[in-house]
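Peer 1: Handing you a structure now.
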Amino acid sequence: MPWTILFFIIFGGMAVGCALSMVAQRNPLYSAVSLIGVFVALACLYLTLASPFIAAVQIIVYAGAIMVLVVFVIMLLNAEEEARRPYRLKFLIPAAVGMATVLIAEAAFMLTVGGASRPDPQPPLVAEVGLTASVGTGLFTEYLLPFEVTSVLILMALVGAITLARRTQVLGMADEDLAVAGGPAEDAAGGDGIIRPGDTEATGQAMAREQIARGEAAAPARRDEDEEEGE
Amino acid sequence: MAPLNWYLALSAVLFTIGVVGVITKRNVIAMFMCIELMLNAVNLTFVAFSTYFGDVTGQLFVFIVMTVAAAEAAVGLGIIIAIFRNRESLNVDEASVLKLDGRGGGGGRGPTYNPGLSPPAGRRPPFTIYV
């Protein structure tokens, strides 16, 4: 069927082109947009493989959720263009491209000459495994346990993401009132100045105060009122 | 559909491009996106094999891989944001704080302990740790 081969060449070329663009771009936002192009091309390839469910899930989950999250984080952190890499890392690009060439040559050999004794598998006349009904049947009968375990995994990811994004408020004192070097030891150590074991924040601040008193470390710069992060 | 080997070759090429990106990039978000590209290359292999051999296991594995990738994206980007809060930089070369002489955090949160300096006198450990 020449049509599917034509579609494979078009979408395969689009996937490889967008992947190369993603790696070559210095601006992370352009990389993100190129990666969305890769995902769309892969979804079309899944359609040529008679898997409409996976194609739809690819667009919904990868291009529609994960990449939106990545673009949101890029814009939140105001990621800039990559700076010039230091001289000690200049060898990375030739080394990586060289190893990639070796890997692709190995794969090409395996796929053409290496498997010559075995005949190519014929594509099936009717492919029913890609239909949503088949995927649903397998997911809820034979592979029910992985499905339930992924629900626990998503719960763990939810708890982890919330914990990472949580603001840890120092009890009893706002950040702009924290005393710099020589101040009372009340900021993170509780009311009576006793540092509990395992209280890494209070320990770090106490050691930093000692270093500042000994003159080894610089006192931290105060932030403006309107730039307070409130961590 | 195209011969199976073509799909496998395309998947190998995409995976290799992802590996080159992870090795070469210095921006931590760009490295994360290259890891996602590698996961998608493997997804393509799974779906190709599943269609050619009539086994639904491949499709389900892709489903699970996508779920794990979504969870990993949420937690990984949370970690990136937490690292950025302390270090104000997305360069992985500056995130080598596990080294003994790595630069620690610094912000406006108050005095921070600088791990590159000597430990306070009187609390020196009786042995030296070689890393």
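Chains A and B, in that order, are what the protein sequence lines are. Counting along the first sequence from 1, when you hit position 143 you're at 791 in our numbering, and nothing is skipped either side. Counting along the second sequence from 1, when you hit position 76 you're at 617 in our numbering, and nothing is skipped either side. Glycine included, every Cβ here is placed at the ideal spot set by N, Cα and C.
What does a CB cutoff of less than 8 Å around residue 586/B pick up in its chain, not counting 5 residues either side in sequence?
Peer 2: Hits under 8 Å: 548, 549, 552.
Peer 1: How is residue 726/A classed by DSSP in three states: helix, strand or coil?
Peer 2: Looking at residue 726/A - three-state DSSP - the assignment turns out to be coil, as it is neither helix nor strand.
Peer 1: From which residue to which residue does the alpha helix (DSSP H) around residue 758/A run?
Peer 2: Taken as a continuous stretch (DSSP letters only), residue 758/A belongs to no alpha helix (DSSP H), as it is neither H nor E.
Peer 1: Exposed or buried, what is residue 682/A when buried is set at 16 or more other beta-carbons lying within 10 Å of its beta-carbon?
Peer 2: Burial call: buried.
Peer 1: Can you grab the Cα-Cα spacing for the pair residue 797/A / residue 605/B, in whole Å?
Peer 2: So the two alpha carbons sit approximately 10 Å from each other.
Peer 1: In whole angstroms, give me the CA-to-CA distance for residue 781/A and residue 729/A.
Peer 2: Cα to Cα, residue 781/A sits roughly 46 Å from residue 729/A.
Peer 1: Using only CA atoms, which one of 668/A, 785/A, 804/A lies nearest to residue 608/B?
Peer 2: Minimum Cα distance to residue 608/B is reached at 804/A.
Peer 1: Given that residue 766/A touches chain B, what residues does it touch there, using C-beta distances under 7 Å?
Peer 2: Per Cβ cutoff of 7 Å: no residues; residue 766/A is ~11 Å from chain B at best.
Peer 1: Does the Cβ-Cβ distance between residue 633/B and residue 572/B come in under 9 Å?
Peer 2: Yes, the pair counts as a contact, with Cβ atoms nearer than the cut-off.
Peer 1: What do you get for residue 848/A, buried or exposed, if any count of 16 or more other CB atoms within 10 angstroms of its CB means buried?
Peer 2: With fewer than 16 Cβ atoms within 10 Å of its Cβ, residue 848/A is classed as exposed.
Peer 1: Would you decide whether residue 566/B is buried or exposed? Buried here means 16 or more other CB atoms lie within 10 Å of its CB.
Peer 2: Label assigned to residue 566/B: buried.
Peer 1: Taking the beta carbon of residue 568/B as the centre, do at least 16 other beta carbons fall within 10 Å, making it buried, or is it exposed?
Peer 2: Buried is the call here.
Peer 1: Classify residue 542/B: buried if its beta carbon has 16 or more other beta carbons within 10 angstroms, exposed otherwise.
Peer 2: Buried.
Peer 1: In this structure, what does DSSP give as the bridge partners for residue 568/B?
Peer 2: Answer is 632/B.
Peer 1: Give, in chain order, every residue of the segment 570–587 of chain B whose Cβ lies closer than 8 Å to some Cβ of chain A.
Peer 2: Cβ contacts with chain A come from 570, 571, 573, 574, 575, 577, 578, 581, 584, 585.
Peer 1: Got a sec: which bits of the segment 556–568 of chain B sit with their beta carbon under 8 Å from any beta carbon on chain A, in order along the chain?
Peer 2: If the cut-off is 8 Å between Cβ atoms, the segment 556–568 of chain B has 557, 558, 559, 560, 561, 562, 564, 565, 566, 567, 568 near chain A.
Peer 1: Distance, Cα to Cα, residue 676/A vs residue 767/A?
Peer 2: If I take the Cα positions, the gap works out to 44 Å.
Peer 1: CA-CA distance, residue 645/B and residue 762/A?
Peer 2: Residue placement at residue 645/B is flagged as unreliable, the pLDDT there being 48, under the threshold of 50; the coordinate-derived value follows with that caveat. The straight-line gap from Cα to Cα measures roughly 51 Å.
Peer 1: Which residue wins for smallest C-alpha separation from residue 791/A, given the options 563/B, 601/B, 544/B, 591/B?
Peer 2: Comparing Cα-Cα distances from residue 791/A to each of 563/B, 601/B, 544/B, 591/B, the minimum goes to 601/B.
Peer 1: Strictly under 9 Å for the Cβ-Cβ distance: is residue 704/A near chain B by that measure?
Peer 2: Taking Cβ atoms only, chain B never reaches closer than 9 Å to residue 704/A, which makes this a no.
Peer 1: Please confirm whether residue 808/A has its beta-carbon closer than 9 Å to some beta-carbon of chain B.
Peer 2: True, the Cβ-Cβ gap to chain B drops below 9 Å.
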